[in-house]
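Worksheet: one structure, shown below.
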Amino acid sequence: GQSLEQPSEVTAVEGAIVQINCTYQTSGFYGLSWYQQHDGGAPTFLSYNALDGLEETGRFSSFLSRSDSYGYLLLQELQMKDSASYFCAVRSSTDSWGKLQFGAGTQVVVTP
Amino acid sequence: EAQVTQNPRYLITVTGKKLTVTCSQNMNHEYMSWYRQDPGLGLRQIYYSMNVEVTDKGDVPEGYKVSRKEKRNFPLILESPSPNQTSLYFCASSEQGYSNQPQHFGDGTRLSIL
Numbered sequence: 001g002q003s004l005e006q007p008s009e010v011t012a013v014e015g016a017i018v019q020i021n022c023t024y025q026t027s028g029f030y031g032l033s034w035y036q037q038h039d040g041g042a043p044t045f046l047s048y049n050a051l052d053g054l055e056e057t058g059r060f061s062s063f064l065s066r067s068d069s070y071g072y073l074l075l076q077e078l079q080m081k082d083s084a085s086y087f088c089a090v091r092s093s094t095d096s097w098g099k100l101q102f103g104a105g106t107q108v109v110v111t112p
Numbered sequence: 001e002a003q004v005t006q007n008p009r010y011l012i013t014v015t016g017k018k019l020t021v022t023c024s025q026n027m028n029h030e031y032m033s034w035y036r037q038d039p040g041l042g043l044r045q046i047y048y049s050m051n052v053e054v055t056d057k058g059d060v061p062e063g064y065k066v067s068r069k070e071k072r073n074f075p076l077i078l079e080s081p082s083p084n085q086t087s088l089y090f091c092a093s094s095e096q097g098y099s100n101q102p103q104h105f106g107d108g109t110r111l112s113i114l
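As they're listed, the protein sequences go chains A and B.
Number 26 in the working numbering belongs to position 26 of the first sequence; there are no gaps in the numbering.
Number 55 in the working numbering belongs to position 55 of the second sequence; there are no gaps in the numbering.
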C-alpha cells in the first residue's frame, strides 16, 4: 500500500516563505505531484517531480528526494491569495498504473 | 473552454434511492477518475478509467459503480446510497494515465444522503 504524511496546517505572514513537507511510503514510486485547493473550489495542479531535485515555477518550487521518500513544496513571497489547502499525491508503478493517492492536505493560512 | 463538467452540483437525497452523478470532459482525455473528499482525509480515489471500456477500483470503491462507454463521459452511480456516502465528490481527467500529467478537476458535487 501507500501512505503520505504532510502537516495539517501552516500559518505565515504575507511576504514570508513556507515549506510544506510530504513524506511517502510506497512501493515502486513513480512521481510526486502537488495540488492547490481554495475553499469551496476544485483542486488545481501545481507541479510534478519524477526525479530528484528542485523544480521552480514562479513563486512556487517543488523538491524531491527519492532516497529519502520525501518532497516539499516551497511557497515564496506569500500572498493572501495563497491561503488554501495543498495536497501532495503519488502514483505507484507497482500498484495499478492508474491509481493516484493524495495526502490529507496542508492548510496554509496567510496573515497580513 | 477546456473543462470537466459535473452534474448535479448539489444533491440531497434519501437512503436507498439510486442516483447518478454525471461527468463529462471536452479535452479528449483518455484518463478519468472519481474522488471523494472528506474533512481530514484529503482526496480518496473511488474508481478510475485508463481509457474507454477500461475501469478499475481506487482505494474506496465500495458502494459505487462506474461505466465508461464513451471517452468523454464517466458517470458515478450509487445504487443504494447510504449516509456514509455523504461527501464532496470530484471528477478529474488527464491526457493519459500512464504518466503523471496534470489532472483537471470538475467543480465538485456535494452529496447529502439522509
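We put the CB at the ideal spot given by N, CA and C, even for glycine.
Predicted model, so just to flag it, every value in this text is computed and none were measured.
Check	Outcome
Under 7 Å between C-beta atoms of Tyr89/B and Arg36/B	yes
Span of the beta strand (DSSP E), counted from its first residue to its last, around Asp38/B	Tyr31 to Asp38
is_contact[Leu64/A, chain B] using C-beta, thresh 7 Å	no
N-terminal and C-terminal residue of the beta strand (DSSP E) that Asp68/A is part of	Asp68/A -> no beta strand (DSSP E), and no H or E assigned at all.
Boundaries of the beta strand (DSSP E) in which Leu111/B is found, first to last residue	Thr109 to Ile113
Other residues of its chain near Ser83/A: CB distance less than 7 Å, five sequence neighbours each side excluded	Val108, Val109 and Val110
Residue closest to Lys99/A, alpha-carbon to alpha-carbon, out of Ala12/A, Val18/A, Gly31/A and Glu14/A	Gly31/A
Three-state secondary structure assigned by DSSP to Met50/B	strand
Met80/A classed as buried or exposed, judged by whether at least 16 other C-beta atoms fall within 10 angstroms	exposed
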